[in-house]
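Quick note, the sequences are listed as chains V and F, same order.
Numbered according to the numbering used here, the first sequence terminates at residue 200, and the numbering increases by one at each position without gaps.
Numbered according to the numbering used here, the second sequence terminates at residue 200, and the numbering increases by one at each position without gaps.
In this text, a Cβ means the ideal position worked out from N, Cα and C, and glycines have one as well.
Below: one structure, written as structure tokens.
Number of protein chains: 2
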Amino acid sequence: MKNKRNIIIFANGELPTSNKANKELLSNKFILCCDGAVFKAESLSIEPDLIIGDLDSINNNIKKKYKDKIIKIEDQDSNDLYKALIWAEKNNVESVSIIGADGGSDDHYLGNLFIILENDFNFKIKLITNNGQFNLTNSEEFSSVENQRVSLFCLDKEAKITSYGLKYKLKNYQFNNLYGATLNIAKTKKFKIECDSPKTKILVYRSNEKTR
Amino acid sequence: MKNKRNIIIFANGELPTSNKANKELLSNKFILCCDGAVFKAESLSIEPDLIIGDLDSINNNIKKKYKDKIIKIEDQDSNDLYKALIWAEKNNVESVSIIGADGGSDDHYLGNLFIILENDFNFKIKLITNNGQFNLTNSEEFSSVENQRVSLFCLDKEAKITSYGLKYKLKNYQFNNLYGATLNIAKTKKFKIECDSPKTKILVYRSNEKTR
Chain V
-11 MKNKRNIIIF ANGELPTSNK ANKELLSNKF ILCCDGAVFK AESLSIEPDL
39 IIGDLDSINN NIKKKYKDKI IKIEDQDSND LYKALIWAEK NNVESVSIIG
89 ADGGSDDHYL GNLFIILEND FNFKIKLITN NGQFNLTNSE EFSSVENQRV
139 SLFCLDKEAK ITSYGLKYKL KNYQFNNLYG ATLNIAKTKK FKIECDSPKT
189 KILVYRSNEK TR
Chain F
-11 MKNKRNIIIF ANGELPTSNK ANKELLSNKF ILCCDGAVFK AESLSIEPDL
39 IIGDLDSINN NIKKKYKDKI IKIEDQDSND LYKALIWAEK NNVESVSIIG
89 ADGGSDDHYL GNLFIILEND FNFKIKLITN NGQFNLTNSE EFSSVENQRV
139 SLFCLDKEAK ITSYGLKYKL KNYQFNNLYG ATLNIAKTKK FKIECDSPKT
189 KILVYRSNEK TR
């Protein structure tokens, strides 16, 4: 069995400019572009390993140039990021970093976040924006810096969450609403989230250190 | 009984630059600033009618200048936008336009959208970003332009939605997931959403005309 792949999905939002995003791009992972995002990759002199989408944003030159790297999926009922994640689910992927999912389009961004929040993929998943990073987890210790902002989002209203190392401590906290665990603060260089329900996924947001 | 008020809530995100947002600001409505958003209002030479928040982002000069217009609410379990909306709920407000809720902070923005999506306020509510506009509705006809992007979000998975005037027609559509009705397109200068469940609220996003 081949080693599992770590991939970057390049969604068709704004070009990432943060250090975290650039570090990801330079990390030599497999690059999967969502449809027209190939132009954004090319503008950074990054060549895609795979392009997935309905191809309505790609011209004939690109189609010819990457003819062996394109998977066309017409389905109008799912967006290109979802198609890319389904491909990852079927292709022995260990981790996915999503870049370019924010910016330029509120509904696209919100839709992309919901796709991550609501699905249960078999790989690690993070979404890097220019302002911070979302990680999907069940129970995990995260690195942080003092006073870094931390927000949690979860659709499961039954699961109980406990935190260690956050200013506003959560103890068997239940998400009565989707916005109830936002704007917390990391006390030092790490914090921990624990969930009593092993299948529940929590979206953990950490702001970039410099934004505070 | 006094006339009901139409208010603008100035959240503490990026300054609005779109025409729609500026039109709102010039419309002479009652201006409610969330905490530090007062600085953003002042930078546009707009004087707040009311400031609500825990006041952790306001200096003594501002506190003195607006001493008769400040309501301090300490509650750490709710954010400043939520506090402002609760004030509106109690104060005979007819409509709320929210400006500056996007930008600069992914978790703040997401939290603000969830506050709108998940609560049932007794007034009309819209959130204007630099890329488009969210309206919370049950059944309504909206103005649009040909090919304008339209996305719907709803937490109620039982309610059935029907659309008129959208490219991908919804007929008794149910929100099996939160991202399932995004990236639709208006066919002409108006479209209509109908929901069979009178209490269900649907967040309708229309992109700015120029973004397509």
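In this structure, the beta-carbon distance from L13/F to I(-5)/F does not fall below 8 Å. Rounded to whole angstroms, the Cβ separation of K148/F and N160/F is 4 Å, and the two are in contact under 8 Å.
Closest in C-alpha terms to L101/V, from the list L124/V, D42/V, I173/V, comes L124/V. No Cβ of chain F is located within less than 8 Å of the beta carbon of E77/V. Taking K71/F as reference, the option from V138/F, E2/F, C183/F, D23/F with the minimal CA-CA separation is D23/F.
I61/V places its beta carbon less than 8 Å from that of D42/V.
Under the Cβ criterion of 8 Å, S93/F is counted among the residues facing chain V. Interface annotation, T188/F: not in contact with chain V, CB-CB separation never under 8 Å. A check of alpha carbon separations from I116/F across L140/F, R(-7)/F, A(-1)/F identifies A(-1)/F as the nearest.
Put simply, of L73/V, I86/V, S132/V the residue whose alpha carbon is nearest the alpha carbon of A29/V is I86/V. Each of S45/V, C183/V, E182/V, N107/V was checked against the Cα of N165/F, and the nearest Cα belongs to N107/V. Note: Y193/V is bridge-paired with F122/V, S139/V in the DSSP secondary-structure output. Closer than 8 Å to the CB of D90/F there is at least one CB belonging to chain V. The shortest CA-to-CA distance from K(-8)/V to any of D144/V, F27/V, A89/V, N79/V is the one to N79/V.
Bridge partners of L13/F according to DSSP: none are assigned. Contact between the stretch 181 to 193 of chain F and the stretch 138 to 148 of chain F is present: 3 or more CB-CB pairs across the two stretches fall below 8 Å. At a cut-off of 8 Å between beta carbons, N7/V makes no contact with chain F.
Rounded to whole angstroms, I46/V and F27/V show a C-alpha spacing of 8 Å. Apart from sequence neighbours up to five positions away, the residues of its chain that approach I34/V with a beta-carbon distance below 7 Å are L13, I19, ordered along the chain. With a threshold of 8 Å between beta carbons, N67/V makes contact with chain F. About 6 Å separates the CB atoms of A76/V and F111/V; that is less than 8 Å, so the two are in contact.
Looking at the DSSP output, K60/V bridges to G41/V. With its beta carbon at least 8 Å from every one in chain V, G24/F lies outside the interface.
Residue pairing by DSSP places I113/F opposite V84/F, L124/F in a beta bridge.
Of all residues in the stretch 148 to 174 of chain F, only Y156, N165, L166, Y167, T170, L171 come within less than 7 Å of chain V when Cβ atoms are compared, listed by chain position. Beyond the five residues adjoining it in sequence on each side, S83/V comes within less than 6 Å, by CB distance, of N(-6), F111, K112 in the same chain, given in chain order.
Under the three-state reduction of DSSP output, E106/F falls in the helix class. Under the three-state reduction of DSSP, K28/F is assigned to helix. For N49/V, no beta strand (DSSP E) run applies; the uninterrupted alpha helix (DSSP H) run containing it begins and ends at 48 to 53, by DSSP. Residue N118/F holds the alpha-carbon nearest to the alpha-carbon of G1/F among N48/F, I104/F, N118/F. Pairing A25/F with G99/F gives a Cβ-Cβ distance that is not under 8 Å.
For A174/F, DSSP records a beta bridge to L154/F.
Distance from the CA of L38/F to the CA of N49/F, rounded to the nearest whole angstrom, comes to 16 Å. Here S131/F is bridged, per DSSP, to K178/F.
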